[in-house]
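Beneath this line is the structure, given in structure tokens, with notes to follow.
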Amino acid sequence: MTTSRARIRPYRPSDRDALFDICVRTGDGGGDSRHLYPDPELLPNIFAAPYAELEPELAFVVDDGDRAVGYVLGTAHTPTFVRRFRDTWLPRLADRHPDPAGEPSTPSEVMLRLMHTPERMLVPEIADHPAHLHIDLLPSHQRFGYGRELMNVFLAALAARDVRRVHLGMVTANTGARAFYDRLGFSVLPVADPGPLTYLGRTTGPLTDRDAGGLPGPRAGR
């Protein structure tokens, strides 16, 4: 840790508002996304809240002494998560976040379509990396090593469940995030048609001492 106040701890339900805020404020390539998505609950209800609710044991936050300022969360088994998202999570949100009619034409509609097609997370080429994750940190706490600490805790939690490989999908244009993941030992997972994303993966073994960089605001945009 680089300060005496900030620490990594498990997610608590009382962190929900902070979780949503972090997701929104890092939702545009690591920057604030409020100009793109008028509904402040849209991105969190896709990329943060379902993980915190469905697999809270794999959700961790950076606590600065007042509130959560960063998080890592994910799933140990993507196919199971997709099924639970479809059967349990999506029905609760369909009225607030309806699937757009026709081809999406706005950033919000693109996200709505992603929400209503959780099967997009099932990518055959990376099935041997069954876990996946999302990690975000507010700009005020980036580049202090908290991103590495979050990742180490998450990888250890997966390893304790005998999960050996994990993947993520990131927007290819986010070069800062790519540099962060490269430093943490992630490598490209070839996918035939990845669209705007690059898929990265690694084992759940511990990070090495050389992986000491801070988090430059990755958006694991799937």
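Numbering-wise, the sequence shown is residues 1 to 222 according to my numbering.
By construction, the Cβ of each residue, glycine as well, lies at the ideal position given by its N, Cα and C atoms.
query: Is residue 63 helix, strand or coil by DSSP?
result: Stepping through the sequence shown from its first residue, residue 63 is reached at position 63. Look at residue 63 here: in three-state DSSP terms it is strand.
message: Helix, strand or coil, according to DSSP, for residue 234 in the structure here?
response: With the chain covering only 1 through 222, there is no way to say anything about residue 234.
message: On the criterion of 16 or more Cβ atoms from any shown chain inside 10 Å, does residue 99 qualify as buried, or is it exposed?
response: Counted from its first residue, the sequence shown places residue 99 at position 99. Exposed, by the Cβ-count rule.
query: So, helix, strand or coil for residue 28, using DSSP?
result: Numbered from 1 along the sequence shown, position 28 holds the residue referred to as residue 28. Here residue 28 sits in strand by DSSP.
- request: Buried or exposed for residue 52, please, with buried defined as at least 16 other CB atoms from any protein chain shown within 10 angstroms of its CB.
  value: Locating residue 52 in the sequence shown gives position 52, where the first residue counts as 1. The residue in question, residue 52, is buried, as its Cβ has 16 or more Cβ neighbours within 10 Å.
query: Exposed or buried, which one is residue 218 when buried takes at least 16 other CB atoms within 10 Å?
result: Along the sequence shown, one-based indexing puts residue 218 at 218. Reliability fails at residue 218, whose pLDDT of 40 lies under 50, so the model's placement of it is uncertain and the value that follows must be treated cautiously. Buried.
query: Excluding the five sequence neighbours on either side, which residues of its own chain have a C-beta within less than 6 Å of the C-beta of residue 121, listed in chain order?
result: The residue labelled residue 121 in the question sits at position 121 within the sequence shown. Closer than 6 Å at the Cβ level, and outside the excluded window around residue 121, lie 78, 82.
field: residue 107 - DSSP class collapsed to helix/strand/coil
entry: As a working mapping, residue 107 is identified with position 107 in the sequence shown. Reduced to three states, the DSSP call for residue 107 is helix.
query: Are the Cβ atoms of residue 204 and residue 158 separated by less than 7 Å?
result: If you number the sequence shown from 1, residue 204 lands on position 204. If you number the sequence shown from 1, residue 158 lands on position 158. In this structure, residue 158 lies closer than 7 Å to residue 204 by Cβ.
field: Whole-Å CB distance - residue 75 paired with residue 156, under 8 Å assumed
entry: Position 75 of the sequence shown, counted from the start, is the residue given in the question as residue 75. Position 156 of the sequence shown, counted from the start, is the residue given in the question as residue 156. Contact flag wrong, Cβ pair sits at about 16 Å.
- prompt: If we call anything under 7 Å between Cβ atoms a contact, is residue 64 one with residue 9?
  reply: By 1-based counting over the sequence shown, the position of residue 64 is 64. By 1-based counting over the sequence shown, the position of residue 9 is 9. No.
Where residue 75 sits in the DSSP three-state scheme: Here residue 75 refers to the residue found at position 75 of the sequence shown. Here residue 75 sits in strand by DSSP.
- prompt: Going by the beta-carbon positions, is the gap between residue 123 and residue 191 smaller than 7 Å?
  reply: The residue given as residue 123 occupies position 123 in the sequence shown. The residue given as residue 191 occupies position 191 in the sequence shown. Inclusion of residue 123 and residue 191 in the CB contact set at 7 Å is warranted, their separation being smaller than that value.
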